[in-house]
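Peer 1: Sending over a structure as structure tokens; questions will come in a sec.
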Amino acid sequence: MITPKRMKLMVGLLLFLGTVLSTSTARADVISVGPGAFPGGTTPITFTGLADGTEVNGLVVGGILFNYSLGNGQVIIDGGPGVTNNLSPQNIVSIGNPTGILTLTLSGLSNTFGYGYAVLATGAIPSATTITLFNGVTNVGSLAYNGLPDPVFTGGFAGIQSTLLFNRVQITFSGQVPAFAVDNILVANTVPEPATMLLLGTGLASIAAKFRRRRKTY
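For reference, each letter of the sequence shown is one residue, going 1091 to 1308 in our numbering.
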């Protein structure tokens, strides 16, 4: 039975934990992954059926909200570079300033994310695209991906897996390229790995012990 005193202790603990997490800079272990890292049956989010010229800033597709930091008229739905190894019409294409941040707000917590991309180049581009993961406002990790001819336009698949869950993703592209395209977005909504749950449980136990010791001193 949960007594009023114990309930008050639990509420206090949760508030304390929320404060700690909101002010921390949690860092995950992140690794680069390919399409094979996603569970079987994961359906890619494509833009098939959307009209050319559809504004991407504020667009919702497959439960994902897309925003572009430079506002409207910069990124639209189009046929893009045509068919590559990782894209096919329709896809997200930049027609204005390509140096903005493409933010994807997910419908839930995830630990694996990826997309096919191409940039307007035909040679190798170091750090052609970068993924940065967030849980709310907390940055949990980031990776950059080198682009290679795929098979003509530079691009590839950028995939990331994190030991901490995230619900927001920011995508940027190299300042060396005048345009980019994005397609075939994959998101895995899975439970945390056992090691992550163990770490969380250990942290909660430690916080609870400190909280109890603090109460005893009053």
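Idealized CB from N, CA, C, for every residue including glycine.
Out of curiosity, what's the CA-to-CA distance linking isoleucine 1154 and leucine 1196?
Peer 2: 5 Å
Peer 1: From the DSSP secondary-structure annotation, give me the bridge partner or partners of threonine 1212.
Peer 2: DSSP, once it has assigned bridges, lists no residue as partnering threonine 1212.
Peer 1: Once the 5 residues before and after alanine 1151 are set aside, which same chain residues still bring their CB inside 7 Å of it?
Peer 2: Note on residue identity: the sequence assigns valine, not alanine, to residue 1151. Taking C-beta separations shorter than 7 Å and ignoring five residues to either side along the sequence, the partners of valine 1151 in its chain run Ile1135 and Phe1137, following chain order.
Peer 1: Is the CB-CB distance between isoleucine 1250 and valine 1165 below 8 Å?
Peer 2: no
Peer 1: Any idea what DSSP makes of glycine 1126, helix, strand or coil?
Peer 2: helix
Peer 1: Could you tell me which of Pro1179, Ser1264, Ser1184 and Pro1129 sits nearest to proline 1216, measuring between CA atoms?
Peer 2: Ser1264
Peer 1: Have a look at glycine 1226 and arginine 1258 and give me their C-alpha separation to the nearest angstrom.
Peer 2: 7 Å
Peer 1: Under a Cβ-count criterion, where at least 16 other Cβ atoms within 10 Å of its own Cβ denotes burial, should glycine 1163 be classed as buried or exposed?
Peer 2: exposed
Peer 1: Serine 1252 lies in the beta strand (DSSP E); which residues open and close that run?
Peer 2: 1244-1263
Peer 1: Please report the Cβ distance between alanine 1086 and threonine 1262, rounded to the nearest whole angstrom; I am assuming they are in contact, meaning their Cβ atoms lie under 8 Å.
Peer 2: The question about residue 1086 has no answer, for the chain in this structure spans 1091 to 1308.
Peer 1: Below 8 Å CB to CB, which residues in the same chain sit around valine 1173 once its five sequence neighbours on both sides are set aside?
Peer 2: Pro1179
Peer 1: Please report the Cβ distance between tyrosine 1235 and alanine 1211, rounded to the nearest whole angstrom; I am assuming they are in contact, meaning their Cβ atoms lie under 8 Å.
Peer 2: Between alanine 1211 and tyrosine 1235 the Cβ distance is about 14 Å, and since that is not below 8 Å, they are no contact.
Peer 1: Kindly indicate which three-state DSSP category valine 1165 falls into: helix, strand or coil?
Peer 2: Correct three-state label for valine 1165: strand.
Peer 1: Report the three-state DSSP secondary structure of threonine 1195 (helix, strand or coil).
Peer 2: In this structure, threonine 1195 counts as strand in the three-state DSSP scheme.
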